[in-house]
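A short write-up of the structure that comes next.
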Amino acid sequence: MQLISREEIKTLIEQPKGNCVSIYMPTHTAGPEVRQNPIRFKNLIREAEARLIDAGLEEEDAIALLEKSQEIDTQEFWEQIGEQGLAIFISDNIFRYYPLPIDFQELVVVTDRFHIKPLLPILNGNGRFYILALSQQDVRFFEGTRYSVKEVEVENLPKSLDEALQRDDTAKEGQFRIATSKGGTSNPFSQPGTFHGQGSPDRDKHQEDILQFFQIVDRALHDKLKLQKAPLVLAGVEYLLPLYRQANTYQHLMDEAITGNPEILSAQELHDQAWPIVEADFQKSQQAVLEQFHELFGGDTGKASNNLEEVVSAAYYQRVDSLLVAVGQQQWGLFDPSSETVYLHPEKETGDEDLLDFVAAHTLLNGGTVYAVPFEKIPYSTAVAAIYRY
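Per the UniProt record's numbering, the very first residue in the sequence shown carries number 1; after that it's consecutive.
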């Protein structure tokens, strides 16, 4: 499983303008249908070549540009691809490919930037999430999507309490002190709500050790997750979970957790219990955007629109805060920023781009939230629904 992050998608969008080829294809992972993968791939490369020539490139230059793609066209690659879809991006200085857990429709787009809308379900309803399986003897960290999960090694992440505390046995006593609300430092165990009066000194000392252990775990995960927004689900016996929450600094830790001994659960079993938790969260945030759109649309606030021509301009000028956009279809056309004019075409013309992809890309680049959803989930049977910042 190779996931693609929000940061990688932004990097693709920000590539210098030029001839950018985006190819999406569904893939077979087992059975005799696997033989269709290289055939489909070659057909899509030929289609990309034809589109590059149509865009004005000489045939030999188009062939040279696409030559990079041949490095993945091997029997070994197709036999081991292991995912439902393949996304490929090619330009003068870029060749990237992502086997992903999305059943893509076949699509070839050649414009002056990469086409990213089919990737966006990874960022919402089918999206990335994390699982942290905690016990005193075993710590495991996983990345998952709706369809798959795999364990990930995290630098400096201790595997057990003993390993963590032995690693830090030369540390000064104050090393693990935490900030108070006033910005100073104090011993975490003197704070309200900690363990004074809860048992014997030995028990209190053991809980302090566990909290110190979890602070070390949190610091390792902070380096891994500092730029991420995906939800994190805890798995552990019930008395450990509040201790980890006390140590946690990751803002997207889920309130609901997997309770019980995670040591006896496989990666797939953890995934099966975590997915309903994060799916509910994904749906909740999307539903909140839908409700806000209905509240704002049709009034005199001017803060919501489903008119594509208006939304294209608003996205370009960084006004779109939240966007619902139809995945699996395109609206070809052009936007001229100098006149703020949008040209919509019923069929793709030379130089056109998918304006649905345009609004999604610009919203994402400008810090907005994008939900790529089936057409029927967008209000009033339109291809976009946008909430504006102002």
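In this text, a Cβ means the ideal position worked out from N, Cα and C, and glycines have one as well.
- A direct Cα-to-Cα measurement between Phe95 and Ile23 gives close to 11 Å.
- Between Pro262 and Ser135, the gap from beta carbon to beta carbon is short of 8 Å.
- In the DSSP assignment, Met25 forms a beta bridge with Leu86.
- Annotated as proximal: Val373 and Leu324, with beta-carbon spacing under 8 Å.
- Annotation: Asp281 to Ala62 spans about 45 Å, alpha carbon to alpha carbon.
- By the Cβ neighbour-count rule, Phe375 is exposed, with fewer than 16 other Cβ atoms within 10 Å of its own.
- In the three-state reduction of the DSSP assignment, Thr341 falls in the strand class, which pools E and B.
- Check the Cα spacing between Tyr388 and each of Thr301, Asp112, Leu165: the tightest is with Thr301.
- Between the segment 289-296 and the segment 327-347 there are fewer than three C-beta pairs closer than 8 Å, too few to call the two in contact.
- The beta carbon of Arg51 lies closer than 7 Å to those of Val108, Val110 in the same chain, with the five residues before and after it left out.
- The three-state reading of DSSP puts Asp103 in coil, since its state is none of H, G, I, E or B.
- When the beta-carbon positions are compared, Leu44 and Tyr130 stay at least 8 Å from each other.
- The segment 7-16 makes no contact with the segment 68-85, as fewer than three CB pairs between them are under 8 Å.
- For Val278, there is no enclosing beta strand (DSSP E); the residue is part of the alpha helix (DSSP H) that begins and ends at 267-296.
- The C-beta separation of Val21 from Ile90 comes to about 4 Å, placing the pair in contact by the 8 Å criterion.
- When DSSP assignments are scanned along the segment 36-98, the uninterrupted stretches of alpha helix (DSSP H) that are 4 or more residues long and fall wholly within it turn out to be 36-54, 59-66, 75-80.
- Here Tyr371 carries a strand assignment [DSSP, helix/strand/coil].
- Pairing Lys117 with Ala385 gives a Cβ-Cβ distance that is not under 8 Å.
- In this structure Asn19 is buried. Its beta-carbon is surrounded by 16 or more other beta-carbon atoms within 10 angstroms.
- Rounded to whole angstroms, the separation of the alpha carbons of Met25 and Gln105 is 6 Å.
- For Arg245, the enclosing alpha helix (DSSP H) covers residues 241-247.
- Per DSSP, reduced to three states, the secondary structure at Tyr390 is coil, with no helix or strand assignment.
- In this chain, Leu12 is not harboured by any beta strand (DSSP E); it is covered by the alpha helix (DSSP H) spanning 6-13.
- For Ala326, the enclosing beta strand (DSSP E) starts and ends at 320-326.
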